[in-house]
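All remarks here apply to the structure that follows.
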Amino acid sequence: MRTDTGQVFKLEDYRPSDYLIPAIDMAFALAPDATRVVATLTVERRQGVAAGTPLLLDGDELKLVRVEIDGKPLKEAAYAVTPDQLTILAPPAARFSLTIETEVNPSANSALMGLYRSNGVYCTQCEAEGFRRITYFLDRPDILSVYTVRIEAPKAEAPLLLSNGNPVRHGELAGGRHFAEWHDPFPKPSYLFALVAGDLGRLADEFTTMSGRKVELGIYVEHGKEALASYAMDALKRSMTWDEEKFGREYDLDVFNIVAVSDFNMGAMENKGLNIFNDKYVLADQQTATDADFANIEAIIAHEYFHNWTGNRITCRDWFQLCLKEGLTVYRDHEFSADQRSRPVKRIAEVRTLRAHQFPEDQGPLAHPVRPRRYREINNFYTATVYEKGSEVVRMIRTILGAEMFRAGMDLYFERHDGDAATIDDFLKVFEDVSGQDLSQFALWYHQAGTPHVTVSSAYNASTHEFTLEIEQSSPPTPSESRKRLMHIPLAFGLVGPDGEDLAFGEVSGATVEDGVLHLHKRRQTVVFKGLSERPVLSLNRGFSAPITLSLEQKPEDRIFLAGNDGDAFSRWQAFNTLLTDALIAGFRRMLGNRQPEFAASLGELAGRIAANASLEPAFRALALTLPAEADIAREIGKGIDPDAIFAAREALARSIATVNEEGFRQLYAELNSDGPFRPDADGAGRRALRNVLLDYLALLPGGAEFAALHFASATNMTDRAAGLTALAHRHAGTPQAVDALARFENEYSSDALVMDKWFLIQASAPGPAALDTVRGLTAHPAFSIGNPNRVRSLIGTFAGANQTGFHRADGEGYRFFAETVLEVEKRNPQVAARLATAMRSWRSLEPVRQGKAREALVSILKVEKLSADLKDIIERTLA
Ligand code: PHE
Ligand code: ZN
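The UniProt record's numbering puts the first residue of the sequence shown at 1, with every later residue one more than the last.
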């Protein structure tokens with residue numbers, strides 16, 4: 001375990017390395033406990049660097065076996081070695097060959113970084129700094145090398161031997177061993193290196209690129225699960241076509257392989273030509289995967305594939321530039337999903353995710369700019385800010401420049417930087433160059449942390465026909481940035497007339513308004529629209545054009561009008577969502593005052609109208625009818641959070657909507673019962689989503705347990721089955737129906753780990769204080785394993801991240817259990833532990849008693865000696 005050294009890495013300290021490594025040859029002799037790695041590096045001293053300058057290579061827990069220069073063993077005095085570093089004290093020439101032999105133990109590697117074993121399969125994970133756990137190297141993304149890799153292993157144990165690039169040769173060896181050789185002609189950073197060896201089944205296909213090059217596609221999974229990879233394969237081919245059509249980007253090797261492994265720290269990894277995936281994001285069929293799983297698989301397959309150009313062909317100069325590849329690639333996968341499915345529905349889902357994950361990060365102690373300036377542990381910067389806000393920033397560039405100019409900028413980016421390790425400044429520069437626009441104020445979106453806040457009030461003057469907006473922007477202070485600069489905020493908008501059409505307007509003063517976008521640049525702007533003969537209703541931040549929080553003074557009637565009539569589907573959803581949120585906040589305040597919440601009848605009626613509106617796609621209706629989550633409500637309230645009061649208010653609103661609409665909901669529920677063949681596409685998923693939202697409401701009414709039990713028992717796919725089980729376990733916990741359904745589900749799927757994750761998740765998110773004992777008990781369940789990241793995330797991650805009333809028990813026991821468990825996880829896997837610990841990031845928004853208990857739990861973690869760098873960094877920043 002890498003313990004904390006207190007070292008802080010700073011962007012301004014970046015300096016090119018003294019040496020380059022244009023090529024590396026590696027030979028792996030695989031063995032479970034003692035794998036030998038012989039790496040031969042072609043080392044070149046950079047121009048202008050003094051002869052004899054020491055060469056410092058990174059390592060991490062490495063054991064050196066031998067070191068040679070130009071084929072001759074190096075004298076002991078010529079180098080210095082620790083598990084963390086190999087120093088060649090005085091390299092002999094401007095160019096030489098350095099051979100390093102190391103020994104590593106894949107079986108003992110529970111951190112899942114470097115070379116490890118998952119279910120007996122050898123695999124690697126090198127991003128960000130895992131390659132240094134395989135051999136000593138300049139393990140930084142601006143060192144680009146051509147890799148040639150030879151893998152040797154017992155054939156029975158590992159018939160499959162894969163690495164990056166194209167296969168070169170393979171053959172038999174004495175003693176039942178065999179080998180394979182791979183060559184990747186594209187120079188790449190070490191974090192993109194990959195190796196896989198084991199006994200796996202293969203789903204094969206092929207793809208012909210736009211220039212007629214044939215690519216062999218392979219997805220490798222556990223034997224017998226090949227058919228479960230067919231949706232992933234389909235998504236891959238669609239991704240390849242889409243990138244050609246939308247970005248003119250073609251695949252560049254003869255083979256593209258994907259391997260699914262069951263122990264993986266993240267979602268998936270874009271290693272050149274050999275993507276390695278968490279099996280959760282590969283394996284699916286209607287009986288084992290939900291519609292959400294299918295959508296995730298499609299998105300992540302696309303994401304990793306798109307990295308081939310945005311990440312691999314053009315990589316990052318240093319880890320401060322992580323968003324260069326991640327934000328951009330998320331933007332690309334979002335656009336892909338929008339094109340494959342429903343654009344408005346996708347956008348609403350994206351915004352919900354952004355608000356649920358990025359906003360609390362940006363508004364709490366872990367806030368950092370999309371392009372950070374410092375870090376202690378880079379693993380802790382694979383965040384919603386770098387990924388999701390990073391994507392929003394790219395989206396804003398397109399909003400500001402327009403689709404055509406944006407594409408021209410992307411083309412220039414690929415042309416100018418192919419083969420480079422680039423920076424955010426390089427990225428912004430291409431858009432400035434193609435458009436002639438100055439993006440320096442816009443660049444603050446990369447450099448300044450925090451969610452900008454915009455307040456708006458409006459007035460209509462019937463005699464002058466003027467519509468006036470008073471707009472003010474501010475950005476709250478974030479850690480180490482107390483004073484903020486003013487941002488360029490592009491707000492898409494419409495002035496909606498009584499018939500729902502956008503009104504035309506005349507002259508505008510006070511802001512640049514172009515193509516339906518109002519550009520804010522200053523602290524205060526008074527914007528006047530002339531020539532409006534009727535009072536418009538303002539629809540602002542359409543499509544969520546800017547990732548901000550917005551206080552818009554608006555009458556409830558206007559919101560109700562927008563919810564039904566806005567030409568922008570996102571804004572229709574937003575208008576209704578704001579009405580719901582306002583009602584829930586009012587309900588919360590009544591609860592705190594020991595009064596029962598009350599809700600306007602108009603809200604329930606509007607919900608009923610939306611549900612029944614057949615002109616709206618079912619997926620949209622499902623999203624509209626989904627009440628803001630407890631955490632969403634908490635975030636809007638901001639401080640003094642009592643999760644029990646929020647839960648009660650939300651429950652009361654759900655009941656009132658269900659009661660008002662019982663008849664309509666029952667009828668629609670019955671109509672949506674489709675008997676046709678299962679399709680995981682947007683239409684099929686949308687119908688199921690709507691039906692399952694109705695189930696959630698109907699489960700709250702008398703007879704709800706029977707109703708949900710019937711839904712569960714008659715389900716023909718996992719989406720409906722999981723929804724039924726959730727309704728039972730969350731709304732009717734302890735009833736015979738719930739107990740029976742949980743037992744049946746467990747029985748049916750006990751040998752399918754990924755499905756058991758759903759069983760863990762549903763129980764871990766069951767509201768109320770009893771969840772803690774349930775979760776504690778489930779840690780002893782045979783299907784649970786504290787060493788497996790997916791299991792830990794479904795049980796512990798869900799409990800801490802998605803169970804407001806269970807985790808935030810007033811007695812603080814949830815926090816105590818959590819602190820203990822995080823430390824237990826940390827012993828094996830610091831990275832997963834640190835990510836888990838971020839669940840505490842909003843602790844300061846709790847009411848004082850819970851806040852005190854949360855703090856105690858955090859402090860108890862810090863008292864442990866020898867904390868990992870990963871966990872210590874998160875806890876210290878959370879407490880700061
Ligand atoms: N680079 C991966 C992705 O976004 C994520 C990842 C980071 C995976 C670090 C593993 C380790 O696609
Ligand atoms: Zn990525």
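We put the beta carbon where it would ideally sit given N, CA and C, even for glycine. Computed from a predicted model, the values in this text were never measured in an experiment.
Those residues which DSSP pairs with residue 153 across a bridge = 178
To which residues of the same chain is residue 2 closer than 6 Å at the C-beta, ignoring the five residues directly before and after it?
-> 869
Would you say residue 307 touches ligand 2, meaning its beta carbon is less than 7 Å from a heavy atom?
-> yes
Beta-carbon gap between residue 399 and residue 545 smaller than 8 Å = Yes, the pair counts as a contact, with Cβ atoms nearer than the cut-off.
DSSP state of residue 405 mapped onto helix, strand, coil = helix
When every heavy atom of ligand 4 is checked, does at least one fall within less than 7 Å of the C-beta of residue 303?
-> Ligand 4 is not part of this structure, which contains only ligand 1 and ligand 2.
Is residue 266 near ligand 1, in the sense that its beta carbon is under 7 Å from a heavy atom of that ligand?
-> Yes - ligand 1 has a heavy atom lying nearer than 7 Å to the Cβ of residue 266.
According to DSSP, is residue 673 helix, strand or coil?
-> coil
To the nearest angstrom, report how far apart residue 130 and residue 138 are at their CA atoms.
-> 12 Å
Looking at C-beta atoms only, is the number of pairs between the region 236-253 and the region 291-305 that lie closer than 8 Å three or more?
-> yes
Spell out a yes or no on whether the region 316-323 and the region 367-374 are touching, meaning 3 or more CB-CB pairs, one atom from each, closer than 8 Å.
-> In short, these stretches touch, since the Cβ pair count reaches three.
Is the closest heavy atom of ligand 2 to the C-beta of residue 270 under 7 Å?
-> yes
Name, in chain order, the residues that DSSP records as bridge partners for residue 809.
-> None; residue 809 has no bridge partner.
Out of 41, 120, 118, 64, which has the shortest C-alpha to C-alpha gap to residue 91?
-> 41
Report back the beta-carbon spacing between residue 580 and residue 540 to the nearest angstrom; my notes put them in contact at under 8 Å.
-> Contact flag wrong, Cβ pair sits at about 18 Å.
What separation, rounded to the nearest whole angstrom, lies between the Cα atoms of residue 624 and residue 344?
-> 12 Å
Find out if the Cβ-Cβ distance for the pair residue 421, residue 144 is shorter than 8 Å.
-> yes
Taking Cβ to Cβ, would you say residue 548 is nearer than 8 Å to residue 476?
-> no
Run the CB neighbour count on residue 811, radius 10 Å, all protein chains shown included, and call it buried at 16 or more, exposed below.
-> Of the residues assessed, residue 811 falls on the exposed side of the cut-off, its CB having fewer than 16 other CB atoms within 10 angstroms.
Within 10 angstroms of its Cβ, does residue 283 collect 16 or more other Cβ (buried), or is it exposed?
-> buried
Using only alpha-carbon positions, find the residue among 290, 682, 338 that is nearest to residue 757.
-> 290
Is the beta carbon of residue 690 sitting closer than 8 Å to the one on residue 621?
-> yes
Excluding the five sequence neighbours on either side, which residues of its own chain have a C-beta within less than 7 Å of the C-beta of residue 578, listed in chain order?
-> 559
Just checking my contact of residue 766 with residue 730 at CB under 8 Å: how many whole Å lie between their CB atoms?
-> 5 Å
Go ahead and pull the three-state DSSP assignment for residue 485.
-> Look at residue 485 here: in three-state DSSP terms it is coil, with no helix or strand label.
Can you list, in chain order, the residues of its chain whose CB lies under 6 Å from that of residue 26, leaving out five sequence neighbours each side?
-> Here residue 26 has 39, 149 as same chain residues with Cβ atoms under 6 Å from its own Cβ, once five neighbours each way along the sequence are excluded.
Regarding residue 129 and ligand 1, is the C-beta to nearest heavy atom distance less than 7 Å?
-> For ligand 1, not one heavy atom lies less than 7 Å from the Cβ of residue 129.
Along the alpha helix (DSSP H) that carries residue 860, what are the first and last residues, could you check?
-> 848-862
In terms of alpha-carbon separation, which member of 703, 378, 797 lies closest to residue 7?
-> 378
Residue 112 to residue 198 span [Cα, whole Å] | 16 Å
What is the residue span of the beta strand (DSSP E) that residue 22 lies within?
-> 19-29
Three or more C-beta pairs below 8 Å linking the region 453-461 and the region 500-519 | no
Just mark residue 659 as buried or exposed, buried being the case when its beta carbon has 16 or more other beta carbons within 10 Å.
-> When all chains shown are included, residue 659 counts as exposed.
Look up residue 123 in the DSSP assignment and say whether it is helix, strand or coil.
-> It is a strand residue.
By DSSP, does residue 3 sit in helix, in strand, or in coil?
-> The answer is strand: DSSP assigns residue 3 an E or B state.
Does the pairing of the region 40-55 with the region 110-125 give three or more beta-carbon distances under 8 Å?
-> no
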